[in-house]
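*Asks:* Numbering (UniProt numbering), first residue to last: 1 to 193.
Beta carbons are placed, not taken as given, at the ideal position from N, Cα and C, and that holds for glycine.
Can you keep this structure in mind? I'll have questions shortly.
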Amino acid sequence: MKRIVVLASGSGSNAENIYHFFSKGDFAKVVAVLSNKKSAKVLERADRLGIPAFYFNKTAFCSEEGAIKLIRALSPDLVVLAGFLWKIPEFFIKSFPNQIINIHPALLPKYGGKGMYGSNVHKAVKENQEVESGITIHYVNENYDEGAIIHQSKTTLLPADDVHEIAQKVHLLEYEHYPKVIEHVLKQQNGSQ
Ligand code: GRF
1 MKRIVVLASG
11 SGSNAENIYH
21 FFSKGDFAKV
31 VAVLSNKKSA
41 KVLERADRLG
51 IPAFYFNKTA
61 FCSEEGAIKL
71 IRALSPDLVV
81 LAGFLWKIPE
91 FFIKSFPNQI
101 INIHPALLPK
111 YGGKGMYGSN
121 VHKAVKENQE
131 VESGITIHYV
141 NENYDEGAII
151 HQSKTTLLPA
161 DDVHEIAQKV
171 HLLEYEHYPK
181 VIEHVLKQQN
191 GSQ
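Okay, here's the thing in structure tokens:
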């Protein structure tokens, strides 16, 4: 069975959705959830779902002797970022080549880069009166939001949509597509089916 480790900083609704998607079969499973925020709702969700959950601080995350040791010990086939707000250190990326993916709540390369996270993204989309937004699922490299794109989906925006409604539309796309894209990426690894 393929092993997924999820890193998240916030609510964790994507983490939970991914967990439920793979719980239906025996192809893959979420083996752990890790968060850089002690009070993050994602850790409560993981406890409720019976997924091993861990917290780490910045020192542990940025040290080659810290969180990465735990993650390596979990033998993940894929590290999935789901609302994870810290930059991934280079040693981490090198340790998991093509095995870390992220979801960004906009159509990259627009609305990406430093500071573009959470509602900041949707606010910027609204301010620019965009007629569409969406999601981008991509591999993680050394630069924020610049890894190779695996998947994008779009949603139409109406002039009346406020920031909250834009976020809701984007979240729906995330729930629909992120688990399927994770499954696709895992199936492509080593040509396994
Ligand atoms: C999602 O919109 C994701 O795209 C972004 O952070 C949000 C996380 O939401 N990177 P949740 O914690 O999964 O509810």
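Per DSSP, residue 102 forms a beta bridge with which residues?
*Replies:* DSSP output for residue 102 lists 81 and 138 as bridge partner(s).
*Asks:* Taking the continuous alpha helix (DSSP H) assigned at residue 92, which residues delimit it?
*Replies:* Segment 90–95, the alpha helix (DSSP H) holding residue 92.
*Asks:* Does the stretch 98–118 come close enough to the stretch 174–186 to have 3 or more Cβ pairs within less than 8 Å?
*Replies:* Touching, yes, given that three or more Cβ pairs across the two stretches are closer than 8 Å.
*Asks:* Return helix, strand or coil for residue 51, following the three-state DSSP convention.
*Replies:* Note: residue 51 maps to coil in three-state DSSP.
*Asks:* Check whether the Cβ atoms of residue 33 and residue 3 lie closer than 7 Å to each other.
*Replies:* In this structure, residue 3 does not lie closer than 7 Å to residue 33 by Cβ.
*Asks:* Determine the burial state of residue 6: buried for a count of at least 16 other Cβ atoms within 10 Å of its Cβ, exposed for fewer.
*Replies:* Per the 10 Å Cβ criterion, buried.
*Asks:* Just verifying my parser: in three-state terms, what is the DSSP assignment at residue 158?
*Replies:* Looking at residue 158 - three-state DSSP - the assignment turns out to be coil, as it is neither helix nor strand.
*Asks:* Output needed for residue 56: all residues of its chain with C-beta closer than 7 Å, excluding positions within five of it in sequence on either side, in chain order.
*Replies:* Closer than 7 Å at the Cβ level, and outside the excluded window around residue 56, lie 34, 36, 66 and 67.
*Asks:* For ligand 1, is there any heavy atom lying closer than 6 Å to the beta carbon of residue 109?
*Replies:* Result no, Cβ not under 6 Å from ligand 1.
*Asks:* Residue 157 to residue 64, Cα distance in whole Å?
*Replies:* Rounded to whole angstroms, residue 157 to residue 64 spans 43 Å at the Cα level.
*Asks:* If you count every other CB in all the chains shown that lies within 10 Å of the CB of residue 16, and 16 or more means buried, which is it?
*Replies:* Under this definition residue 16 is a buried residue.
*Asks:* Quick one: is the Cβ of residue 103 within less than 6 Å of any heavy atom of ligand 2?
*Replies:* Because ligand 2 does not appear in the structure shown, any question about it cannot be addressed here, the ligands present being ligand 1.
*Asks:* When you compare the stretch 126–134 with the stretch 158–165, are there three or more beta-carbon pairs, one atom per stretch, that lie closer than 8 Å?
*Replies:* In short, these stretches touch, since the Cβ pair count reaches three.
*Asks:* Does DSSP put residue 8 in a helix, a strand or coil?
*Replies:* Strand.
*Asks:* Measuring only the C-alpha atoms, how far is residue 13 from residue 148?
*Replies:* So the two alpha carbons sit approximately 24 Å from each other.
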